[in-house]
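Participant: Residue numbers (full-length UniProt numbering): 1 to 102.
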Amino acid sequence: MRRGKEIYRLVDGRGRVYLPKEVRELAGINCGDIIKLAADQRGRIEIQKAVLIEMGDQSGDAMEAYVKAAVKQMPGPKLLSLMAELAEMMQTETGEENGYVK
1 MRRGKEIYRL VDGRGRVYLP KEVRELAGIN CGDIIKLAAD QRGRIEIQKA
51 VLIEMGDQSG DAMEAYVKAA VKQMPGPKLL SLMAELAEMM QTETGEENGY
101 VK
(Lines of atoms letter the chains of each structure in order from A; the text may use other names.)
(Lines give C-alpha, C1' and ligand atoms only; values in the text may rest on other atoms or scores of the structure.)
Protein backbone atom coordinates (compact mmCIF):
# COMPACT_ATOMS: atom_id res chain seq x y z
CA MET A 1 0.00 0.00 0.00
CA ARG A 2 1.31 3.42 -0.94
CA ARG A 3 1.66 5.87 1.92
CA GLY A 4 -0.34 9.04 1.64
CA LYS A 5 0.24 12.46 3.14
CA GLU A 6 1.31 12.20 6.77
CA ILE A 7 -1.04 13.79 9.29
CA TYR A 8 -0.21 14.44 12.94
CA ARG A 9 -2.78 14.29 15.73
CA LEU A 10 -2.65 14.60 19.53
CA VAL A 11 -3.70 11.77 21.80
CA ASP A 12 -6.17 13.12 24.38
CA GLY A 13 -6.21 12.35 28.10
CA ARG A 14 -8.39 9.28 27.56
CA GLY A 15 -6.13 7.83 24.86
CA ARG A 16 -8.37 8.83 21.95
CA VAL A 17 -7.18 9.99 18.55
CA TYR A 18 -9.38 11.79 16.03
CA LEU A 19 -9.17 10.23 12.56
CA PRO A 20 -9.57 12.99 9.96
CA LYS A 21 -12.30 12.57 7.34
CA GLU A 22 -9.80 12.20 4.47
CA VAL A 23 -8.06 9.32 6.28
CA ARG A 24 -11.37 7.59 7.06
CA GLU A 25 -12.47 7.96 3.45
CA LEU A 26 -9.19 6.52 2.11
CA ALA A 27 -9.51 3.55 4.47
CA GLY A 28 -13.23 3.09 3.80
CA ILE A 29 -14.05 3.60 7.49
CA ASN A 30 -17.57 4.83 8.23
CA CYS A 31 -19.48 5.67 11.40
CA GLY A 32 -20.32 2.45 13.25
CA ASP A 33 -17.58 0.40 11.57
CA ILE A 34 -15.28 -1.76 13.64
CA ILE A 35 -11.55 -1.16 13.39
CA LYS A 36 -8.73 -3.50 14.30
CA LEU A 37 -5.70 -2.05 16.09
CA ALA A 38 -2.31 -3.78 16.17
CA ALA A 39 0.97 -2.52 17.67
CA ASP A 40 4.46 -3.91 17.15
CA GLN A 41 7.65 -3.79 19.21
CA ARG A 42 8.96 -0.82 17.19
CA GLY A 43 6.08 1.38 18.33
CA ARG A 44 4.16 1.23 15.06
CA ILE A 45 0.38 1.06 15.25
CA GLU A 46 -1.71 -0.30 12.40
CA ILE A 47 -5.38 0.63 12.07
CA GLN A 48 -7.45 -1.48 9.73
CA LYS A 49 -11.16 -1.67 8.98
CA ALA A 50 -12.47 -5.04 10.17
CA VAL A 51 -15.00 -6.99 8.15
CA LEU A 52 -15.79 -9.47 10.92
CA ILE A 53 -14.16 -9.78 14.31
CA GLU A 54 -13.01 -12.86 16.16
CA MET A 55 -15.32 -14.12 18.89
CA GLY A 56 -12.67 -14.44 21.63
CA ASP A 57 -14.13 -11.52 23.60
CA GLN A 58 -17.69 -12.35 24.59
CA SER A 59 -18.52 -9.14 26.47
CA GLY A 60 -21.83 -7.49 25.64
CA ASP A 61 -20.12 -4.71 23.68
CA ALA A 62 -18.01 -7.17 21.65
CA MET A 63 -21.01 -9.38 20.88
CA GLU A 64 -23.04 -6.37 19.75
CA ALA A 65 -20.19 -5.18 17.52
CA TYR A 66 -19.83 -8.67 16.04
CA VAL A 67 -23.54 -8.91 15.23
CA LYS A 68 -23.58 -5.44 13.65
CA ALA A 69 -20.53 -6.26 11.51
CA ALA A 70 -22.04 -9.58 10.41
CA VAL A 71 -25.39 -8.00 9.56
CA LYS A 72 -23.69 -5.43 7.31
CA GLN A 73 -22.39 -8.30 5.16
CA MET A 74 -25.76 -10.08 4.72
CA PRO A 75 -27.96 -9.75 1.66
CA GLY A 76 -31.42 -8.26 2.31
CA PRO A 77 -33.53 -11.46 2.06
CA LYS A 78 -31.18 -13.37 4.40
CA LEU A 79 -31.26 -10.48 6.88
CA LEU A 80 -35.07 -10.35 6.89
CA SER A 81 -35.22 -14.11 7.45
CA LEU A 82 -32.79 -13.83 10.37
CA MET A 83 -34.74 -10.93 11.89
CA ALA A 84 -37.96 -12.96 11.79
CA GLU A 85 -36.20 -15.94 13.39
CA LEU A 86 -34.74 -13.76 16.15
CA ALA A 87 -38.12 -12.14 16.85
CA GLU A 88 -39.69 -15.60 17.16
CA MET A 89 -36.92 -16.68 19.55
CA MET A 90 -37.49 -13.61 21.73
CA GLN A 91 -41.25 -14.20 21.84
CA THR A 92 -40.68 -17.80 22.92
CA GLU A 93 -38.16 -16.84 25.61
CA THR A 94 -40.17 -13.96 27.08
CA GLY A 95 -43.65 -15.40 26.58
CA GLU A 96 -44.66 -12.21 24.79
CA GLU A 97 -46.63 -11.83 21.61
CA ASN A 98 -47.13 -8.43 19.98
CA GLY A 99 -45.67 -6.78 23.07
CA TYR A 100 -48.10 -8.47 25.49
CA VAL A 101 -47.40 -11.32 27.91
CA LYS A 102 -49.43 -14.41 27.02
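We treat Cβ as the ideally placed atom computed from N, Cα and C, and that holds for glycine. Just so we're clear, the structure is a prediction, and the values are computed from it rather than from any experiment.
When DSSP labels each residue in this structure, what does Y8 get in the three-state scheme?
Facilitator: coil
Participant: Pick helix, strand or coil for A50, following the three-state DSSP scheme.
Facilitator: coil
Participant: State the beta-bridge partners of E37 as determined by DSSP.
Facilitator: One point to set straight first is that residue 37 is Leu, not Glu, in the sequence displayed. In the DSSP output, where bridge partners are listed per residue, L37 has I47.
Participant: Determine the DSSP secondary structure at M90, reduced to helix, strand or coil.
Facilitator: helix
Participant: How is G76 classed by DSSP in three states: helix, strand or coil?
Facilitator: Helix, per DSSP.
Participant: Would you verify that the beta carbon of I47 is, or is not, closer than 7 Å to some beta carbon of chain D?
Facilitator: Protein chain content of the structure displayed is limited to a single chain, and chain D is not contained in it.
Participant: Excluding the 5 residues flanking A50 on each side, which residues of the same chain have their C-beta closer than 7 Å to its C-beta?
Facilitator: I34, I35, K36 and A69
Participant: L19 by DSSP, collapsed to three states: which one?
Facilitator: coil
Participant: Can you tell me whether M1 is buried or exposed, with buried defined as 16 or more other CB within 10 angstroms of its CB?
Facilitator: Low confidence applies here, because M1 scores a pLDDT of 43, under 50, leaving its location unreliable; read the following figure in that light. Burial call: exposed.
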